[in-house]
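Reading through the structure tokens given below for one structure.
6 protein chains.
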Amino acid sequence: MNYRDDIRVSLPSKGRMAEETEPFLAACGLSLYKPNPRQYAATIPALPGLTVLFQRPGDIVVSVRDGSVDFGITGLDVTAENGGPNGDILVLHEALGFAGCKLAVAVPEAWEGVNAMGDLAALAKRVDRPLRIATRFPTLTAPFLVRYGIPTFRLIEAEGTLEVAPAIGYADCIVDLVSSGQTLRDNRLKLLEDGVVLRSQAALIANRVALRTRPDVLDAARTLLEYIEAHLRAKGHVMITANVRGEAPEVITRRMFAQEVLGGLQGPTIAPVMVKEASGGWYAVQIVVRRDRLFEAVAELRAIGGSGVVVAPVMYIFEEEPERYQAMMEAVQEI
Amino acid sequence: MNYRDDIRVSLPSKGRMAEETEPFLAACGLSLYKPNPRQYAATIPALPGLTVLFQRPGDIVVSVRDGSVDFGITGLDVTAENGGPNGDILVLHEALGFAGCKLAVAVPEAWEGVNAMGDLAALAKRVDRPLRIATRFPTLTAPFLVRYGIPTFRLIEAEGTLEVAPAIGYADCIVDLVSSGQTLRDNRLKLLEDGVVLRSQAALIANRVALRTRPDVLDAARTLLEYIEAHLRAKGHVMITANVRGEAPEVITRRMFAQEVLGGLQGPTIAPVMVKEASGGWYAVQIVVRRDRLFEAVAELRAIGGSGVVVAPVMYIFEEEPERYQAMMEAVQEI
Amino acid sequence: MNYRDDIRVSLPSKGRMAEETEPFLAACGLSLYKPNPRQYAATIPALPGLTVLFQRPGDIVVSVRDGSVDFGITGLDVTAENGGPNGDILVLHEALGFAGCKLAVAVPEAWEGVNAMGDLAALAKRVDRPLRIATRFPTLTAPFLVRYGIPTFRLIEAEGTLEVAPAIGYADCIVDLVSSGQTLRDNRLKLLEDGVVLRSQAALIANRVALRTRPDVLDAARTLLEYIEAHLRAKGHVMITANVRGEAPEVITRRMFAQEVLGGLQGPTIAPVMVKEASGGWYAVQIVVRRDRLFEAVAELRAIGGSGVVVAPVMYIFEEEPERYQAMMEAVQEI
Amino acid sequence: MNYRDDIRVSLPSKGRMAEETEPFLAACGLSLYKPNPRQYAATIPALPGLTVLFQRPGDIVVSVRDGSVDFGITGLDVTAENGGPNGDILVLHEALGFAGCKLAVAVPEAWEGVNAMGDLAALAKRVDRPLRIATRFPTLTAPFLVRYGIPTFRLIEAEGTLEVAPAIGYADCIVDLVSSGQTLRDNRLKLLEDGVVLRSQAALIANRVALRTRPDVLDAARTLLEYIEAHLRAKGHVMITANVRGEAPEVITRRMFAQEVLGGLQGPTIAPVMVKEASGGWYAVQIVVRRDRLFEAVAELRAIGGSGVVVAPVMYIFEEEPERYQAMMEAVQEI
Amino acid sequence: MNYRDDIRVSLPSKGRMAEETEPFLAACGLSLYKPNPRQYAATIPALPGLTVLFQRPGDIVVSVRDGSVDFGITGLDVTAENGGPNGDILVLHEALGFAGCKLAVAVPEAWEGVNAMGDLAALAKRVDRPLRIATRFPTLTAPFLVRYGIPTFRLIEAEGTLEVAPAIGYADCIVDLVSSGQTLRDNRLKLLEDGVVLRSQAALIANRVALRTRPDVLDAARTLLEYIEAHLRAKGHVMITANVRGEAPEVITRRMFAQEVLGGLQGPTIAPVMVKEASGGWYAVQIVVRRDRLFEAVAELRAIGGSGVVVAPVMYIFEEEPERYQAMMEAVQEI
Amino acid sequence: MNYRDDIRVSLPSKGRMAEETEPFLAACGLSLYKPNPRQYAATIPALPGLTVLFQRPGDIVVSVRDGSVDFGITGLDVTAENGGPNGDILVLHEALGFAGCKLAVAVPEAWEGVNAMGDLAALAKRVDRPLRIATRFPTLTAPFLVRYGIPTFRLIEAEGTLEVAPAIGYADCIVDLVSSGQTLRDNRLKLLEDGVVLRSQAALIANRVALRTRPDVLDAARTLLEYIEAHLRAKGHVMITANVRGEAPEVITRRMFAQEVLGGLQGPTIAPVMVKEASGGWYAVQIVVRRDRLFEAVAELRAIGGSGVVVAPVMYIFEEEPERYQAMMEAVQEI
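Chains as they are written, first to last, in this note's numbering: chain A, 1 to 335; chain B, 336 to 670; chain C, 671 to 1005; chain D, 1006 to 1340; chain E, 1341 to 1675; chain F, 1676 to 2010.
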């Protein structure tokens, strides 16, 4: 009863992921405009033509899969669980850098000898009934248990806080999402060492058919990837300007290339610095370095006689083409 | 891996029903004691031996059904949906008086001629594919649709706000819980006149096997019913004391029995009132009347010469045996 | 463009008075039912046929005056200011017991010799331009100033926090509502001793024409007065039961009437108390006393040999007819 | 520089005890009136002449001890710690029923064999330096440690969360206030079985000299005790009215006295119930029973043919004289 | 009674505009310092000599008009409504970019044929009494209605939520401020297509006489305009640095000028980039572009062989003189 | 019972200083990672190997002094009060720029002639008992009073709001921390003009022995100082880029050096600007200036023909070595 020609992206409507998605997009330069806090639709003024919807993370996967929406930001966990077997969903960006957690096996602290999946398999063999495992991720959990040799098990699906299941007694252990692990400790559960079923974080997903058949959707995908990648790259870098004395730009550059961090860069921009005293020979070098190498870079600049090291933030760094664009183009063409 | 001999009751852990359950129990004289807000267990000091757990309403039904817990306070909606076919769950009290809502069919406002189930059935026959209906209550929805002659339909299960489904396009209409109906209006949906699948409110449920096999659980059931019924009865009544002049108690009583509201009562308590002036002949009558007949009762008392009408609150009214106790005893015996 | 036959009562929509009105009505037994927090209408299940609207206190006066609504709960201050000259509004109950404040004159603390209205008048005569007085109550303020002999003045109407006007300089002093006086002190203002223009609290008002022409509105007025008066009376009283030893009820009563507080009551209810020991001669007396005389009553009961003094709350006390009902009936008939 | 003739009571200004004190007093009928939330003084309209001050619990003890204030509501813990040796402070009521906690010894969970004070003493003897114990209660802690045979120790006073001291390393274990014990568990500490130095709750204290020398202060003490005791007694009781059939009041009473709970009461009030049918012989009995025996009382009433059992709340129960009044009078005279 | 020589600026004290004004000023580099949250005055450390006051938006207009304060940030709506006829107020900056809304005509949804001002005029002619229009902006509303040919109307002034007026019945339609329109929809009202009386946002206003007579106030005006304009301009731009390969700066520049966005700029800064490989010929170009053309600029840079495009934020962009300064100077001299 | 080889820094756990410390560190590039909000430990991902603890400001001083932790951020006030006499604590950075306040003497407003320390000394001599002074800083207060010639005094230590002490009467005046002074005014106290015992703000402190004996702690100190100083320096500066026309860089530079603000800088970076028109001769100059001289710098740039002045934020400015590093190295070596 409905056919549409707008482009749609679904964002998480509730929970921690919802709280982090909007600031993430704003940081990418894609601030939302919500005319009415109680309705389901918003827009992104920087991307005219796009309609933003709000759904639960799991429902986003369903909507993208069946083509009701074209793009979604949701967790890798629910994408893997509900994505379906036949590739209707493409993961355009698998690491947006927030909402990280892992899907993992937790057992009662009281099971003293059970610390790894092998121990759990051994225990499962000793008891005379199937291990009862509460989870909201049966599709991911079942093959994982099989892989680790759990002979028989029964998956129990519940909607709420699974951590209480073993204490209440309707399950023996659980497979659930864990971030800090505190809820587990509060309920006297412990993780198994190698019991991580999946590491998850927020991802950008899209409907494959829409990408293949609608050029405007493909364009939107490229634009989203541009903004997101340029932002994520910028987040990890800073711009440094330093004054260095030297006879000539080439001399200074040579000294820089002899350093470890500075030597790895493509090349500094160099401009003369005019000083009051006649002594001259000062140059300003400008480089972009990874934020986590900042201190080393400063030390190396000092080592080659640099001073007045000024560090400034950057908003975006664009490379020649979005990294994940080619991968997407190939995936879209498959079958 | 676990066997237990404590008595357990599960209460809602989240949402509106959770907020109302604790004050309801406190008003019944069954205040909770939660030593640690972050753990799953509490106690009711007035009912020693009982462990209180907190779960989502749907999980409560599952836990009571499989016997992990003995009692639960949850909604009639999830009890009917998830209770299972074979009578594992007994509904001990079906009207605790809070968390009322209804499970109902809602369609887009734009479907102008569709206002009742018959209209929906007619529409469903006209379109050439199954009607897609989003719901979290497939068990209750399917037979309801069949009863109203919907020929073919597909139930779509989603976890979040179903009201957006028709707008997003992954369903044509929905069957969902409705209280004030505002969310429907915000999303441009409307209820069908005769589209109420179920009227729900909070209920007290129990595991039938536990009631049949454990005398301590049966005792607890009786105590819970006592407290709850005595409170609910008291909530609807007040105690009235009035001074009435008359030659003798019998005369006053006769006048009272001639009234409509007063005449329906079992009988007033009568005690003499000592007055300063010799004129005498005053009596205090004390009666318990329904709160919603209070004004009529006051008018009738005035009509027979009553004055100084004092109304006082009551906490509990106990009848000879909890009303629902006999019903429970019979249901427990059924196979 | 509209004609109506429902009965309407307007309640404050904002501020401290709004917060206190709903609990007050609930305590009267008139709880509100608001199906939708974002709309303007509610109902009172105990008074079917009544529509409840929410408006600002000043707008309530306007609506009752022009007959758009029949009843209102609002402040005496805005009723006096905006009620209009020709008696369109009747004040049915002038002391609902909440939202108390006074409209009063405040001047800068720095005006050292100015402590009473006389001082202000003297000052006003000394300066060579009209005194500038900021107020939101010009109708009440002007005659008050005239009465105290202020020769010339200019009233300045502002919408916000008037207390800053003298400091900013757009007025010399203010006439404004004061409750605790702290905002005045924060802004270095002080009240004048005899500068109280009006003492205000919440009141029940009605449209006179509606009362005269619509019997259903008159009925509603009576019911509202019944509930409100019975509640306010009960709020100030408690019910006492005490065991007193004595040869006969008459003896005990005589001793009671010899006391000050107990002697002022109409008469105690007396019933025998059955005691284990043969010694007998105990009676339970039950009386209703003013809450602020409770301690004296207890002391007097002890003085005549009373013990086991139990004090219980009361919800309503109904007298033979609502006190203010007759006054209303007379006022309604006035031209 | 100051002398005063008002009567002063200090209440806790902060923390959990502060939050519970005001509702407790209100329930006693002693609601506070705070004209200005930012100043230090309030009044109790029901007790004219009394000034209410707000201080930290520990400062209240100091102020009552030195006579700056006459009464205080504070914890038994700080009273015992800071009360001083020479009886300047009298505890008028030692169990106001809120703010319960205990001062207890806690050691790292990792100290596996250390579970009781004896184990701690043994450990202290094994190590070659004094045990370092962080506490805010050195006066109470030192003799307790000596009593349990700890040979040498060093008390370390800190202002904040002592629970982190062992982990940070500036103490070996702690003596601190514990309510739910959760903070201990979060910091991997455990209580010693017999390590309770003091059980504490809110108490009413007074300055002994003021009681001895100022009759108005003594009067205030009596009034405070009256209100508080009558409230606390009422909190634990309910009033029951039941209809019982019997030939005569004496017969019914005899049957009641044969029961366990009912038999322990001083005596029921009895009044005839007028019934429509001629069969007659119904009486209303009214009794006051302890709230925690309510169910037994109802069962016993049913057992003797009672029905229509109505339970009502009570606000105060006054005995002939405040229980603790005589004790206070004696203590005041000591020395 | 008061004369002053400080410079004063009034800011909104309440509501959405107040919440946005302080962050706006902080973003301009003009953070407020409020020593006492409860008093009316603050300062701006970056502008010594200025006193900041807080008033309601409407009162700000009054204070600036009568010269009690020199500058104000308030809405264009209240400025137009209350600014007075004789040019006492100058609008120095009419578009501060926040608190946007429009003053518009809204009528009941039920008026089916009424969708534009012409329809309203036609309706007004058909009814036999003046159209009653509730508004808080009579000065702006009256001429607007006249312009659209409404023959007779009565303006009803109310203080609160005007949206309920048509439903309650004390007005037929309203002229009120609208931002998202949701409150209208909740109250079943709709906007008329051409019914916008005024588009409003936050503005900087000043007292004309103060600007003309006090050089220090004129200086402050210039400084305020400098900060505000430099911030607003910066908000809409970013700084881009990119590495481009080319034989010489002139060659690269020529290629840039052939592009659309890049070609519109005044000119890039160019500096050599030193690269490790001998191949050389790299230059860094730095340009400032409008934020909403960022993507096009990046695409154009790529098109001419640019890579490593780094985008950085800017705080201020100063042009040669504040744009609105000259306009102010002329307006000040008028009359 | 414990020995450790990790490096520890303690941060304030409560109050205004705690709220400001975390954003301060984040601005320095040292964001905290708190896996569990209820435990005492966190880490700083940018400084691996460091453990972060949370304590009250006073306890931090104790822990750093006794070596339980190596570094602390706390107030100068508690450091001076509790730091101990023998130099166990080194103040590495004494001005982190937040949590500013002063420790000062306050007396009742009613003491009219007492406005300075001399007046207080005179008063103290007139009264016949020691002045009672409430304070939480006896170590700092005592010598200060002696220095100002107060003959005899008694220091009274209290835990809570000292401001009420004079009103309650357990002290005559107080020495306490003051930020805005509003609490003083609320309690009718006033500061003495020269009564400032100490000006305090947040500081970075360290344990001297740890610095001397553990090279890893010394390294951490250097890194902390680097981050903190580079951030604080950056906070006070901005980077300016402007286009200036001139025949050659040297000409432009000469003009700049003739200005006041621009002339004080070490030297601008200069790069050519390519313009469309042949007229040429434009250069971009880039300088870093103090934020509070920004306006003057802009004016000077305009004066020498500059335009397109763009101001950008900076995150860090590193000088050749942390300023306070040398001072620390010397202090560490002192005995």
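Beta carbons are placed, not taken as given, at the ideal position from N, Cα and C, and that holds for glycine.
N-terminal and C-terminal residue of the alpha helix (DSSP H) that E:Ser1403 is part of: For the purposes of this step, residue 1403 of chain E is taken as the residue at position 63 of the fifth sequence. Unbroken alpha helix (DSSP H) run through E:Ser1403: Pro1397 to Arg1405.
Any chain C beta carbon closer than 7 Å to D:Ala1276: By 1-based counting over the fourth sequence, the position of residue 1276 of chain D is 271. Answer yes: the Cβ-Cβ gap between D:Ala1276 and chain C drops below 7 Å somewhere.
Assigned exposure category for F:Asp1745 - 16 Cβ within 10 Å defines buried: As a first step, residue 1745 of chain F is located in the sixth sequence; it is residue number 70 there, counting from the start. So F:Asp1745 ends up on the buried side.
DSSP beta-bridge partners of E:His1677: There is no way to answer for residue 1677 of chain E, as the model of chain E reaches only from 1341 to 1675.
Assigned exposure category for E:Gly1604 - 16 Cβ within 10 Å defines buried: The residue you call residue 1604 of chain E lines up with position 264 of the fifth sequence. Under this definition E:Gly1604 is an exposed residue.
Short Cβ contact (7 Å threshold) for D:His1242 with D:Arg1298: Position 237 of the fourth sequence, counted from the first residue, corresponds to residue 1242 of chain D. Position 293 of the fourth sequence, counted from the first residue, corresponds to residue 1298 of chain D. No, Cβ-Cβ distance for D:His1242 and D:Arg1298 is not below 7 Å.
6 Å Cβ shell around A:Met117 - same chain, five flanking residues per side excluded: Along the first sequence, read from residue 1 onward, the residue named residue 117 of chain A stands at position 117. Closer than 6 Å at Cβ, skipping near neighbours: Tyr148, Leu192, Asp194 and Gly195.
Neighbour flag for E:Gly1604 against chain C, beta carbons, 7 Å: In the fifth sequence, residue 1604 of chain E corresponds to position 264, counting from 1. Answer no: the Cβ-Cβ gap between E:Gly1604 and chain C never drops below 7 Å.
Extent of the continuous alpha helix (DSSP H) to which B:Ala583 belongs: Taking the second sequence and counting its residues from 1, the one referred to as residue 583 of chain B is at position 248. It is not in any alpha helix (DSSP H) - B:Ala583 carries neither H nor E in the DSSP assignment.
Distance between beta carbons of C:Pro800 and C:Arg824, contact taken as under 8 Å: The count along the third sequence starts at 1 and reaches residue 824 of chain C at position 154. The count along the third sequence starts at 1 and reaches residue 800 of chain C at position 130. Confirmed, about 5 Å.
Neighbour list for A:Lys190 in chain F, Cβ cutoff strictly below 7 Å: Numbered from its first residue, the first sequence carries residue 190 of chain A at position 190. Going along chain F, no residue has its Cβ under 7 Å from A:Lys190, so there is no contact; the nearest lies around 15 Å.
Under 8 Å (Cβ pairs) to chain C, residues found in the segment 1306–1324 of chain D: Of all residues in the segment 1306–1324 of chain D, Ala1317, Pro1318, Val1319, Met1320, Tyr1321, Ile1322, Phe1323 and Glu1324 have a Cβ within less than 8 Å of some Cβ in chain C.
Chain-ordered chain E contacts of F:Val1853 [CB-CB under 7 Å]: Within the sixth sequence, the letter at position 178 stands for residue 1853 of chain F. Near F:Val1853 there are no residues of chain E at all, since even the closest Cβ is about 11 Å away, more than 7 Å.
Reduced DSSP category for F:Gly1942 - H, G, I as helix; E, B as strand; rest coil: Residue 1942 of chain F sits at position 267 when you count from the first residue of the sixth sequence. Coil, per DSSP.
Contact list for F:Gly1942 against chain A, beta-carbon separation under 7 Å: Indexing the sixth sequence from 1 puts residue 1942 of chain F at position 267. Under the 7 Å cutoff, chain A gives Val273, Met274, Val275, Lys276 and Trp282.
Start-end ranges of the alpha helix (DSSP H) lying completely within the segment 1487–1538 of chain E, minimum 4 residues: 1505–1508 and 1522–1526
Any C-beta of chain D under 7 Å from that of F:Gly1733: Taking the sixth sequence and counting its residues from 1, one reaches residue 1733 of chain F at position 58. Yes, its Cβ sits closer than 7 Å to a Cβ of chain D.
Sequence-distant residues of the same chain with beta carbon closer than 7 Å to C:Ala750, five excluded per side: Taking the third sequence and counting its residues from 1, the one referred to as residue 750 of chain C is at position 80. Closer than 7 Å at the Cβ level, and outside the excluded window around C:Ala750, lie Leu810 and Leu868.
Three-state class that DSSP yields for A:Pro272 in the structure shown: Within the first sequence, residue 272 of chain A is the residue found at index 272, counting from 1. In the structure shown, A:Pro272 sits in a strand (DSSP, three-state: E or B).
Buried versus exposed, by CB contacts within 10 Å (16 or more), C:Gln996: For the purposes of this step, residue 996 of chain C is identified with residue 326 of the third sequence, where counting begins at 1. Its Cβ having fewer than 16 others within 10 Å, C:Gln996 is exposed.
Given E:Val1625 as reference, the closest of E:Asp1399, E:Val1445, E:Gly1646 and E:Leu1565 once Cα atoms are compared: By one-based count along the fifth sequence, residue 1625 of chain E stands at place 285. Taking only the C-alpha atoms, the option nearest E:Val1625 is E:Gly1646.
Pairwise C-alpha distance: A:Gly84 and A:Arg56: Here residue 56 of chain A corresponds to residue number 56 of the first sequence, with the count starting at 1. Here residue 84 of chain A corresponds to residue number 84 of the first sequence, with the count starting at 1. The alpha-carbon atoms of A:Arg56 and A:Gly84 are separated by roughly 17 Å.
Cα-Cα separation between B:Asp394 and A:Cys101, rounded to whole angstroms: One-based indexing of the second sequence puts residue 394 of chain B at position 59. One-based indexing of the first sequence puts residue 101 of chain A at position 101. Roughly 24 Å between the two C-alpha positions.
For D:Ala1127, the nearest candidate out of D:Ala1051, D:Ile1155 and D:Leu1052 (CA to CA): What you label residue 1127 of chain D is simply residue 122 of the fourth sequence in a count that begins at 1. Comparing Cα-Cα distances from D:Ala1127 to each of D:Ala1051, D:Ile1155 and D:Leu1052, the minimum goes to D:Ile1155.
Cβ shell of B:Ser413 (< 8 Å), same chain only, five flanking positions each side left out: The sequence position of residue 413 of chain B within the second sequence is 78, counting from 1. First, the amino acid is wrong: residue 413 of chain B is Val here, not Ser. Here the set comprises Pro392, Gly393, Ile395 and Val396.
Three-state class that DSSP yields for D:Ile1078 in the structure shown: Within the fourth sequence, residue 1078 of chain D is the residue found at index 73, counting from 1. In this structure, D:Ile1078 counts as strand in the three-state DSSP scheme.
Closer than 7 Å to chain D by CB, F:Ser1738: In the sixth sequence, residue 1738 of chain F corresponds to position 63, counting from 1. Answer yes: the Cβ-Cβ gap between F:Ser1738 and chain D drops below 7 Å somewhere.
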